[in-house]
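Colleague:
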Amino acid sequence: MHLHHELATFLHSLRPRYKVALLSNAWSEARSDFNRLFHLDRFVDLQIFSAEEGLAKPDERIYRLALTRLGVAPEETLFLDDRLENILAAQR
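Residue 238 is where the sequence shown starts when you use this note's numbering, and the numbers rise one by one after that.
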């Protein structure tokens with residue numbers, strides 16, 4: 238498993254101007270696994286894992302949690318996901 242180089246470069250370029258977060262429905266050990274493998278703290282300001290929060294995408298509460306922790310308003314946010322249902326839920 239590896240972090241795509243172009244994605245890593247892109248995320249790193251965003252950090253000086255924008256807040257970047259990872260919102261994942263991953264397993265309970267994902268935070269330690271991902272940070273050990275990918276050093277995510279170099280690329281994101283916030284990491285939210287559904288297994289730790291007891292909430293998962295597409296539950297709208299997890300998006301509000303991310304907004305609150307980032308200190309941003311919905312209209313200031315760009316949300317990317319590989320599942321349409323998660324994108325639609327985030328738009329609400």
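Every residue gets a Cβ at the ideal spot worked out from N, C-alpha and C, and that includes glycine. Source: prediction; values computed, not measured.
1) Using DSSP with H/G/I as helix, E/B as strand and the rest coil, what is A263?
2) Alpha carbon to alpha carbon, how far is L283 from T305?
3) Among the residues of its own chain, which have a CB less than 6 Å from the CB of F286, if the five just before and after it don't count?
4) How would you label F247, buried or exposed, when you count the other beta carbons within 10 angstroms and need 16 or more for buried?
Modeller: In short:
1) Here A263 sits in coil by DSSP.
2) In this structure, the alpha-carbon of L283 lies about 11 Å from that of T305.
3) Around F286: S261, A263, A267 and R268.
4) Only exposed fits F247, as fewer than 16 other CB atoms lie within 10 angstroms of its CB.
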